[in-house]
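Participant: Handing you this structure, nothing more for now.
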Amino acid sequence: MENTIQLMQNHSSVRSFKNEALPTEVKNQLLIAALAGSSSHFIQATSIIEVTDKKIKDELAELSNSASYIKTTGACFVFVADLYRETQILTANNQSLASVENMEALISGIVDTTIAGENMAVAAESLELGICFIGGIRNDLRRVSELLNLPKFTVPVFGMTVGIPTQHNGVKPRLPKANTVFQNQYNPSTATNLQNYNEVTANYYAKRNTNQQDTNWTQKMQDFFAEPRRQDVADFVRQQGFRP
Ligand SMILES: Cc1cc2nc3c(=O)[nH]c(=O)nc-3n(C[C@H](O)[C@H](O)[C@H](O)COP(=O)(O)O)c2cc1C
Numbered sequence: 001m002e003n004t005i006q007l008m009q010n011h012s013s014v015r016s017f018k019n020e021a022l023p024t025e026v027k028n029q030l031l032i033a034a035l036a037g038s039s040s041h042f043i044q045a046t047s048i049i050e051v052t053d054k055k056i057k058d059e060l061a062e063l064s065n066s067a068s069y070i071k072t073t074g075a076c077f078v079f080v081a082d083l084y085r086e087t088q089i090l091t092a093n094n095q096s097l098a099s100v101e102n103m104e105a106l107i108s109g110i111v112d113t114t115i116a117g118e119n120m121a122v123a124a125e126s127l128e129l130g131i132c133f134i135g136g137i138r139n140d141l142r143r144v145s146e147l148l149n150l151p152k153f154t155v156p157v158f159g160m161t162v163g164i165p166t167q168h169n170g171v172k173p174r175l176p177k178a179n180t181v182f183q184n185q186y187n188p189s190t191a192t193n194l195q196n197y198n199e200v201t202a203n204y205y206a207k208r209n210t211n212q213q214d215t216n217w218t219q220k221m222q223d224f225f226a227e228p229r230r231q232d233v234a235d236f237v238r239q240q241g242f243r244p
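Note that UniProt numbering gives residue 73 to position 73 of the sequence shown, counting from 1, and the numbers run on in steps of one.
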């Protein structure tokens with residue numbers, strides 16, 4: 001078995017799985033690992049919803065544009081930033097909700113939830129399973145919250161599909177430390193000196209096994225950020241009770 005650091009450095013998202021449900025014991029292990037992560041002030045502001053109902057799963061698959069690898073997989077989870085429990089405690093004790101409504105609480109919930117997601121990802125990969133985060137569920141947050149019966153003070157952050165891979169992608173070259181790691185102070189010019197990385201990524205996109213493209217990382221970012229996306233997210237978060 002690979003050691004943990006090699007495992008993490010070899011990560012790549014999987015988008016093609018066997019149509020074979022994960023055993024309950026495996027799912028339990030993944031869930032316990034997910035929820036064992038650090039938590040800001042131990043608020044544990046995360047819930048995880050396993051989606052097994054075919055109708056719900058099919059709708060999540062379509063709205064997230066990830067149909068094949070949500071429908072054909074071992075298990076599908078939605079990770080929810082969840083401060084609903086805290087609001088119930090505060091309300092029962094006649095306390096104000098102001099400290100749960102604010103941006104800091106929302107960020108804490110999203111951070112806790114993201115830690116849980118990555119914990120599950122690493123746990124799954126340690127069992128030679130593949131994973132893909134599904135941020136596509138935020139394409140329609142209102143519908144997702146209806147489908148999952150989410151109360152106020154919850155925000156679905158991402159889904160995760162986990163299963164036995166039928167195809168592995170190569171490891172995508174990350175931004176080098178020269179661009180992303182600093183001593184003592186941030187350095188704007190080394191952060192943005194992307195010539196080397198653009199050469200590395202141009203080579204990667206031209207030569208990878210599937211979906212080869214004539215592009216590089218800078219071009220990808222220009223394309224991705226050409227238009228604002230998911231502009232209803234802020235309204236949804238307000239609808240859920242937060243006041244960011
Ligand atoms: C929060 C989050 C949301 C993501 N959402 C999607 C998604 O909706 N569909 C998808 O195919 N991949 C999704 N991904 C996977 C990324 O595209 C992938 O991690 C990135 O391209 C790097 O590739 P790698 O994971 O293979 O190294 C998501 C990743 C993260 C962290």
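Backbone N, C-alpha and C define an ideal beta-carbon position, used for all residues, glycine too. Source: prediction; values computed, not measured.
Which value, in whole angstroms, describes the spacing of the CA atoms of lysine 152 and isoleucine 5?
Facilitator: Counted from its first residue, the sequence shown places residue 152 at position 152. Counted from its first residue, the sequence shown places residue 5 at position 5. Approximately 38 Å between the Cα atoms of the pair.
Participant: Leaving out five residues on either side along the sequence, give the residues of the same chain with a beta carbon under 7 Å from the beta carbon of isoleucine 134.
Facilitator: Here the question's residue 134 lines up with position 134 in the sequence shown. Excluding positions up to five away in sequence, the list reads Ser64, Ser66, Ile70, Phe158, Gly159, Met160, Thr161.
Participant: Name, in chain order, the residues that DSSP records as bridge partners for glycine 109.
Facilitator: In the sequence shown, counting from the first residue as 1, residue 109 sits at position 109. DSSP output for glycine 109 lists no bridge partner at all.
Participant: On a CA-only basis, which of Thr218, Ala34, Ala61 is nearest arginine 15? Give me that one, please.
Facilitator: Within the sequence shown, the letter at position 15 stands for residue 15. The shortest Cα separation from arginine 15 among Thr218, Ala34, Ala61 belongs to Ala61.
Participant: For alanine 33, which residues of its own chain have a beta-carbon under 8 Å away from its beta-carbon, when the five flanking residues on both sides are left out?
Facilitator: Taking the sequence shown and counting its residues from 1, one reaches residue 33 at position 33. Cβ within range, chain order: Asn119, Met120, Val122, Ala123.
Participant: Spell out a yes or no on whether the region 39 to 49 and the region 106 to 118 are touching, meaning 3 or more CB-CB pairs, one atom from each, closer than 8 Å.
Facilitator: yes
Participant: Any residue with its Cβ nearer than 6 Å to a heavy atom of ligand 1 should be included. What is that list in chain order?
Facilitator: His11, Ser12, Ser13, Arg15, Ser64, Ser66, Cys132, Phe133, Ile134, Gly135, Gly136, Phe158, Asn169, Lys172
Participant: Count the other CB atoms, across all protein chains shown, that sit within 10 Å of the CB of isoleucine 137; report buried if there are 16 or more and exposed otherwise.
Facilitator: Stepping through the sequence shown from its first residue, residue 137 is reached at position 137. Looking at its Cβ environment, which holds 16 or more other Cβ atoms inside 10 Å, isoleucine 137 is buried.
Participant: Looking at the C-beta of methionine 221, does it have a partner C-beta in chain D at a distance below 9 Å?
Facilitator: Protein chains in the displayed structure number just one, and chain D is not present.
Participant: Would you mind sorting glycine 117 into buried or exposed? The rule is 16 or more other CB atoms within 10 Å of its CB.
Facilitator: Translated into positions along the sequence shown, residue 117 becomes position 117. Buried, since its Cβ has 16 or more Cβ neighbours within 10 Å.
Participant: Using only the alpha-carbon positions, how far apart do valine 237 and valine 155 sit?
Facilitator: As a working note, residue 237 is residue 237 in the sequence shown. As a working note, residue 155 is residue 155 in the sequence shown. Near 7 Å, if we compare the C-alpha coordinates of valine 155 and valine 237.
Participant: Pull up the distance between the alpha-carbon of valine 78 and that of glutamine 88, whole angstroms please.
Facilitator: The residue given as residue 78 occupies position 78 in the sequence shown. The residue given as residue 88 occupies position 88 in the sequence shown. Valine 78 and glutamine 88: Cα-Cα distance of roughly 22 Å.
Participant: Look at the Cβ atom of glutamine 29, then the Cβ atom of leucine 127, and state whether they are nearer than 9 Å.
Facilitator: Here residue 29 refers to the residue found at position 29 when the sequence shown is read from its first residue. Here residue 127 refers to the residue found at position 127 when the sequence shown is read from its first residue. Yes. Within cutoff.
Participant: For glutamine 167, which residues from the same chain have a beta carbon less than 6 Å from its beta carbon, with the 5 sequence-adjacent residues on both sides left out?
Facilitator: As a first step, residue 167 must be located in the sequence shown, where it is residue number 167. Taken in chain order, the residues that qualify are Ser16.
Participant: Take threonine 73 and list the residues in its own chain whose beta-carbon comes closer than 6 Å to its own, dropping the five residues that flank it on each side.
Facilitator: Counting from one through the sequence shown, the residue named residue 73 turns up at place 73. If we look at threonine 73 and ignore the five residues flanking it on each side, its Cβ neighbours are Phe17, Thr161, Gly163.
Participant: Give the C-beta separation of threonine 201 and asparagine 216 to the nearest angstrom, bearing in mind that I take them to be a contact with Cβ-Cβ under 8 Å.
Facilitator: Numbered from its first residue, the sequence shown carries residue 201 at position 201. Numbered from its first residue, the sequence shown carries residue 216 at position 216. About 5 Å; that satisfies the 8 Å criterion.
Participant: Which residues mark the beginning and the end of the beta strand (DSSP E) in which residue 278 is found?
Facilitator: Residue coverage of the chain in this structure runs from 1 to 244, which leaves residue 278 outside it and unanswerable.
Participant: Hey, how far is the Cα of phenylalanine 171 from the Cα of phenylalanine 242?
Facilitator: On the sequence shown, position 171 is the one that residue 171 refers to. On the sequence shown, position 242 is the one that residue 242 refers to. For the sequence presented, residue 171 should be read as valine rather than phenylalanine. Each residue's Cα considered, the two are about 38 Å apart.
Participant: Short of 7 Å in beta carbon distance, which residues of its chain neighbour glutamine 240, apart from the five on each side in sequence? Order them along the chain.
Facilitator: Translated into positions along the sequence shown, residue 240 becomes position 240. Taken in chain order, the residues that qualify are Lys152, Phe153, Thr154, Val155.
Participant: Can you check DSSP and say which residues form a bridge with isoleucine 131?
Facilitator: Your numbering for residue 131 matches position 131 in the sequence shown. In the DSSP output, where bridge partners are listed per residue, isoleucine 131 has Val162.
Participant: Taking the continuous beta strand (DSSP E) assigned at aspartate 82, which residues delimit it?
Facilitator: Taking the sequence shown and counting its residues from 1, one reaches residue 82 at position 82. Where aspartate 82 is concerned, the enclosing beta strand (DSSP E) stretches over 75 to 82.
Participant: Sort Leu22, Arg143, Asn3, Cys76 by Cα distance to aspartate 53 and report the nearest one.
Facilitator: As a first step, residue 53 must be located in the sequence shown, where it is residue number 53. Closest by alpha carbon: Cys76.
Participant: Using a Cβ-Cβ cut-off of 7 Å (strictly less than) and excluding sequence neighbours within five positions of aspartate 58, which residues of its own chain qualify?
Facilitator: Translated into positions along the sequence shown, residue 58 becomes position 58. If we look at aspartate 58 and ignore the five residues flanking it on each side, its Cβ neighbours are Lys71.
Participant: DSSP on serine 16, reduced to helix/strand/coil?
Facilitator: In the sequence shown, the residue the question calls residue 16 occupies position 16. Here serine 16 sits in coil by DSSP.
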